[in-house]
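Student:
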Amino acid sequence: MKRKVALYIRVSTDAQFEEGYSVEAQKQMLEGYCASKGIKNYEFYIDGGFTGSNIERPEMQRLVDEVKRGLISGVVVYKLDRLSRSQKDTLYLIEDVFNPHQTSFTSLNENMDTSTPMGRAMLGILSAFAQLERETIRERTRMGMMERVKLGYWPGGGRTPFGYDYDSEQGILVPNGDAETVRRIYELYLRGYSTARIARMVGLKYDRLVLQILTRKSNTGVIEYNGQEYPGRHQPLISRETYERAMEMMQRRGRQPSAPNELLLSGLLYCGKCGAKMRYQKWGKRGHRIYCYSQQKSKDYLVRNPQCDNMRLWAGEVERAVIEDLMNRALEPIQGQESPQMVEPMELLKSRRQDSARRLRRLYALYAEREDEILRETIAEEKKQMEEIERQIEAERQRGSLSQRQRATREKISGIRQAWPMLSAHERQEIVRECIEKVVITDGELDIHYRI
């Protein structure tokens, strides 16, 4: 079957009607090129209103698929940035899609033809400039947004906070009918109500929405942007003092279990059948039972499998089994105290990093004197080796840090069996959380994941 030539056209939302960039203008120039070259077997691939920052475009994907199937002999565009504004994507299309399938690439504006050595050299240079232009536009946009935020205007670009509407003319947030609900949420939380109960009282579907509202600093009249706070022009819904009091209370609640005498494993329990969290449920005078959240339809965002049939176990039995296993683990000898093994491999990796850095400097110096394709490839390989060494160093650092933390925790709980009866409920729960990451329950089987 005779292969065809693909005439690719892209117009972005901001350049769709500009002179020389419209679909019709590009069509005329590409058809003129085909006529001059005697090309009769061609087809248009047109992506209208798509950005050039990536290649996730319908016609581009169709083009790539047909190139790989051997249906296209060449690709022609009016201008290089019509193909892509990303250097990485441009090189991917040329080097990994077109060239391996004997598909030439031609850009009329740059007079580029990748079937020639000069065309391939120009490709790298021009695609770099296309990406530079895109990154410059993005940086200017970001700087403009930063200036707006510094002046107190809402940056936009996301959901408007609950309790406000966005006034596009003024560029600020304005309180709406839900503003009083926001104030009520803070009031109830500071009076000691849980987020779940507050959600039911104010008519919100999920307790996590209450948590999101409580932690949003924009309620105090400030704007958070790129990790910094700026005074906003919008009216605050609560005082800064109220917000700080709520955050202090949230921190205290995070440290203290809601029912320390009974809910020893609260927050650590997971279902081994569907992966959902598990919870305590009061079961008359007999105590608590533990069951999967997938079996409770009132919190559908926690449901993993509505058909989950994991057994419901008595909490006391589960807690006794976990504590006994923890006691036995605390009696095991602590390994690796005499001669930690992390220093020697770390020193070896640092030495390899220094050697690699020296080789890179020499290669860059040679490349500056004489540009050479082999040198460029060698530099790329050396950089990959350097990145791999950096990954190994970071992994070794984390491994050493984890080992030290584990050793310290094991030493701390070595006398846990003798001390346990004298500990308060809060102290017991702190020890459990320090030692155990999670407990996975599958019917009557427990799988305890330790941090030590």
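With full-length UniProt numbering, the residue at position 272 of the sequence shown is 272, and numbering never jumps. Even for Gly, the Cβ is constructed at its ideal location relative to N, Cα and C. Given the structure is predicted, the values throughout are model-derived calculations rather than measurements.
Applying the 10 Å Cβ sphere with the 16-neighbour rule, what's the burial state of Tyr293?
Tutor: It is buried - the Cβ of Tyr293 has at least 16 other Cβ atoms within 10 Å.
Student: Leaving aside the five residues before and after Arg353 along the sequence, list all residues of the same chain whose C-beta is less than 8 Å from its C-beta, in chain order.
Tutor: Closer than 8 Å at the Cβ level, and outside the excluded window around Arg353, lie Met386, Ile389, Glu390, Ile393.
Student: Which residues in the same chain as Phe162 place their Cβ atom closer than 7 Å to its Cβ, once the five residues preceding and following it in sequence are excluded?
Tutor: These residues qualify, in order along the chain: Asp178, Val182, Ile213.
Student: Could you check how far apart the C-beta atoms of Glu187 and Leu265 are, in whole angstroms? I think they sit under 8 Å.
Tutor: The pair is not a contact, with the Cβ atoms about 32 Å apart (cut-off 8 Å).
Student: May I ask you to report which of helix, strand or coil DSSP gives Lys2?
Tutor: It is coil, neither helix nor strand.
Student: Rank Leu263, Asp89, Leu363, Phe105 by C-alpha distance to the C-alpha of His426 and give the top, closest one.
Tutor: Nearest of Leu263, Asp89, Leu363, Phe105 to His426, Cα basis: Leu263.
Student: Tell me the rounded alpha-carbon separation between Lys205 and Gly49.
Tutor: Each residue's Cα considered, the two are about 38 Å apart.
Student: What span of residues does the alpha helix (DSSP H) with Val64 cover, start to end?
Tutor: 58–68 is the extent of the alpha helix (DSSP H) around Val64.
Student: Quick check on Trp314: does DSSP put it in helix, strand or coil?
Tutor: In this structure, Trp314 counts as strand in the three-state DSSP scheme.
Student: List the endpoints of the continuous alpha helix (DSSP H) containing Arg279.
Tutor: First-last for Arg279: 278–282, but that is the beta strand (DSSP E), not the alpha helix (DSSP H).
Student: Since Met278 and Asp443 are thought to touch, with beta carbons under 8 Å apart, how far apart are those beta carbons, to the nearest angstrom?
Tutor: Between Asp443 and Met278 the Cβ distance is about 12 Å, and since that is not below 8 Å, they are no contact.
Student: Select from Val76, Leu108, Leu268 the residue whose C-alpha is nearest the C-alpha of residue 453.
Tutor: The requested residue 453 is not part of the displayed model; the chain covers only 1 to 452.
Student: For the beta strand (DSSP E) containing Gln228, list its first residue and its last residue.
Tutor: Unbroken beta strand (DSSP E) run through Gln228: 228–231.
Student: Would you call Tyr364 buried or exposed, if buried means 16 or more other Cβ atoms sit within 10 Å of its Cβ?
Tutor: Exposed: under 16 other Cβ atoms inside 10 Å.
Student: Could you check if Leu7 is buried or exposed, using at least 16 other CB atoms within 10 Å of its CB as the buried criterion?
Tutor: Buried: at least 16 other Cβ atoms inside 10 Å.
Student: Is it a yes or a no for the stretch 189–203 touching the stretch 145–155, going by three-plus beta-carbon pairs under 8 Å?
Tutor: No, because fewer than three Cβ pairs between the stretch 189–203 and the stretch 145–155 fall closer than 8 Å, the two stretches do not touch.
Student: Excluding five sequence neighbours on each side, which residues of the same chain lie with their C-beta closer than 7 Å to the C-beta of His288?
Tutor: Cβ neighbours of His288 beyond the five flanking positions: Glu262, Tyr280, Gln281, Lys282, Ala315.
Student: Put Asp309 into one of helix, strand or coil per three-state DSSP.
Tutor: Asp309: coil per DSSP, three-state reduction.
Student: Could you tell me whether the Cβ atoms of His101 and Gly70 are closer together than 8 Å?
Tutor: Against a cut-off of 8 Å, the Cβ pair of Gly70 and His101 comes out as a contact.
Student: From the DSSP output, read off the bridge partner residues of Arg289.
Tutor: According to DSSP, Arg289 bridges with Gln281, Trp314.
Student: DSSP state of Cys34, grouped into three classes?
Tutor: Here Cys34 sits in helix by DSSP.
Student: Under a three-way DSSP split, which group does Ile238 fall into?
Tutor: In this structure, Ile238 counts as coil in the three-state DSSP scheme.
Student: If you follow the alpha helix (DSSP H) that Lys88 is in, where does it begin and where does it stop?
Tutor: Counting along the chain, the alpha helix (DSSP H) containing Lys88 begins and ends at 87–91.
Student: Rounded to whole angstroms, what is the Cα-Cα separation between Lys40 and Ala395?
Tutor: For Lys40 and Ala395, the distance between alpha carbons rounds to 58 Å.
Student: Please work out which residues of its chain come closer than 6 Å, Cβ to Cβ, to residue 503, disregarding the five sequence neighbours upstream and downstream, and give them in chain order.
Tutor: Examination of residue 503 is not possible in this model, given that the chain is present from 1 through 452 alone.
Student: Thinking just about the alpha-carbon of each residue, which of Glu382, Lys299, Glu369, Asn99 is nearest to the one in Ala357?
Tutor: With distances taken between Cα atoms, Ala357 lies closest to Glu382.
Student: Helix, strand or coil for Val432? Go by DSSP, reduced to three states.
Tutor: Helix, per DSSP.
Student: Just curious, the alpha helix (DSSP H) that Leu423 is in, first and last residue?
Tutor: No alpha helix (DSSP H) holds Leu423; DSSP gives it neither H nor E.
Student: Over what stretch of residues does the beta strand (DSSP E) that includes Tyr270 continue unbroken?
Tutor: Note, Tyr270: beta strand (DSSP E), 269–271.
Student: Mind checking Gly38: buried by the 16 CB within 10 Å criterion, or exposed?
Tutor: By the 10 Å Cβ count, Gly38 comes out exposed.
Student: Exposed or buried, which one is Ser86 when buried takes at least 16 other CB atoms within 10 Å?
Tutor: It is buried - the Cβ of Ser86 has at least 16 other Cβ atoms within 10 Å.
Student: Give the secondary structure of Asp96 by DSSP, where H, G and I count as helix, E and B as strand, and everything else as coil.
Tutor: Helix.
Student: Between the C-alpha atoms of His449 and Ile441, what's the straight-line distance to the nearest angstrom?
Tutor: Looking at the two C-alpha atoms, the distance is approximately 11 Å.
Student: Determine, using beta carbons only, whether Gly232 and Ile238 come nearer to each other than 8 Å.
Tutor: No, Cβ-Cβ distance for Gly232 and Ile238 is not below 8 Å.
Student: Please name the residue, chosen from Asp65, Ala368, Glu66, Thr90, that lies closest to Val77 on a Cα-to-Cα basis.
Tutor: Val77 has its Cα closest to that of Thr90, out of Asp65, Ala368, Glu66, Thr90.
Student: Under 8 Å, do Tyr33 and Leu108 count as touching if we go by C-beta distance?
Tutor: Taking 8 Å as the Cβ cut-off, Tyr33 and Leu108 qualify as a contacting pair.
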